[in-house]
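Asker:
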Amino acid sequence: MQARLKRHNWHRNLLKSQDVVTVSAGWRRYQTKPIYAGKYYGKYDNGLHQILEYNPEHEHCLAMFWGPCAPPRTRIVVVHGSKEVFRIAAKAVVLDHKHSSKIMKEHRLEGKLHKILDERTALIKFESKYDVTEFEGSPIWTGSGILGTIDKADKSGGIARCTFEKSISKCGTFIMSLPFEVVAPLFFKPCESSVSDNKDSLEKEDPARRRLRRRRVDIIDGEPCSHPDTSYFTWPISDLIMENKRKETVVVMSKEKRVELINKKQREESDKLNRIGLSKTTLYY
2 MQARLKRHNW HRNLLKSQDV VTVSAGWRRY QTKPIYAGKY YGKYDNGLHQ ILEYNPEHEH
62 CLAMFWGPCA PPRTRIVVVH GSKEVFRIAA KAVVLDHKHS SKIMKEHRLE GKLHKILDER
122 TALIKFESKY DVTEFEGSPI WTGSGILGTI DKADKSGGIA RCTFEKSISK CGTFIMSLPF
182 EVVAPLFFKP CESSVSDNKD SLEKEDPARR RLRRRRVDII DGEPCSHPDT SYFTWPISDL
242 IMENKRKETV VVMSKEKRVE LINKKQREES DKLNRIGLSK TTLYY
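For the sequence shown, my numbering begins at 2 and goes up steadily by one.
1) In the DSSP assignment, find the unbroken alpha helix (DSSP H) run with S271 in it and report its ends.
2) When we look at the beta-carbon of P69 and count the other beta-carbons within 10 Å, is it buried (16 or more) or exposed?
3) Please go through the segment 50–130 and give each complete alpha helix (DSSP H) segment of 4 or more residues, from N-terminal end onward.
4) Could you check the C-alpha separation between W11 and E193 for me, to the nearest Å?
5) Locate the beta strand (DSSP E) running through E137, then write down its first and last residues.
6) Measuring straight from C-alpha to C-alpha, what distance separates G82 and K171?
7) What's the gap between the Cα of F175 and the Cα of T122?
8) Give the DSSP bridge partners of F188, in chain order.
9) Alpha carbon to alpha carbon, how far is G149 from L96? Give it in angstroms, no decimals.
10) With which residues is S178 paired in a DSSP beta bridge?
11) May I ask you to verify whether the segment 133–147 touches the segment 83–90, counting CB pairs closer than 8 Å and requiring at least 3?
12) Looking at the structure shown, is D152 part of a helix, part of a strand, or coil, going by DSSP?
13) Note down, in chain order, each residue of its chain lying with its Cβ closer than 8 Å to the Cβ of T33, except the 5 sequence neighbours on either side.
14) Consult DSSP for I36 and reduce its assignment to one of helix, strand or coil.
15) Here's the rule: buried if 16 or more other CB atoms are within 10 angstroms of the residue's CB, otherwise exposed. What is P73?
16) Can you check whether the CB of M2 is closer than 7 Å to the CB of Q51?
17) When you compare each of K84, Y31, K103, R162 to I125 by their alpha carbons, which one comes out closest?
18) In terms of residue numbering, what span does the beta strand (DSSP E) encompassing S25 cover?
19) For V183, which residues from the same chain have a beta carbon less than 6 Å from its beta carbon, with the 5 sequence-adjacent residues on both sides left out?
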């Protein structure tokens, strides 16, 4: 199964490839040995992934492991260790239940000098079990660090014609990086002991069946029928609606009208005070 995994911020350490972890996917709990991979930046990067010794610290990576099939976009929680006090190590999302993506690992293939054709050109002999023709154009280097490329290879003997940047010596080793596919270790162990069943769980009725039943409601003559507006939960909503209705309407007016209205109110107040016998000396315009 393939998943897109990222380390949880609460977990301090990184997860190592092929280490035993506990996976929680839905109602399943099991132990497995995942391998982590990132993007392959070699010459043959046609949808391949390169194996990682540890998962990235702040980035997502591809995790491949064995486990029961789960639909895509299923959330997964990964826990490292089997202690009672645990911390979530990583979280992931299922991408596919098939191993469609290939995870590659670099393998160093050593060769020996067969014949020197020129100062910078030589025939290098590798083991015959590897088909060297598939790696034409791939880099090659000597033990002293002189770089070169494979120009042409022979199918039968494992001999390849290589060109180097500088002149090479007769005694020396020639190294070529050879990618090969890595498969996740076949390990799956369900965690049945960690989940305990209650003794009376089988005697109780299934709650899913109880939800299907409908309660019978007796309506007595003279009582009003139940209406959604009269329910308890709609009271706050109805109160808010009534408050909005009680609020005075705000009329937007110009500045001149506002000044005129203020002066009119002040005149009315001054007239009332004059009738009583007092005089208001100041008026604000």
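Using N, Cα and C, we set each Cβ at its ideal position, and we do this for glycine too.
Answerer: Based on what the coordinates show:
1) 256–277
2) exposed
3) Residue ranges of uninterrupted alpha helix (DSSP H) with 4 or more members are absent from the segment 50–130; none lies entirely inside it.
4) 26 Å
5) Run containing E137: none; DSSP gives neither H nor E here.
6) Looking at the two C-alpha atoms, the distance is approximately 53 Å.
7) Cα to Cα, the separation comes out at about 13 Å.
8) Paired residues: none, contrary to the question.
9) C-alpha of L96 to C-alpha of G149: approximately 40 Å in a straight line.
10) Answer is R109.
11) no
12) Correct three-state label for D152: strand.
13) V21, V22, V24, F66, W67, G68, F188, F189, K190
14) Looking at I36 - three-state DSSP - the assignment turns out to be strand.
15) exposed
16) no
17) Of K84, Y31, K103, R162, the smallest CA-CA separation from I125 is found for R162.
18) 22–26
19) I52, I104, K106
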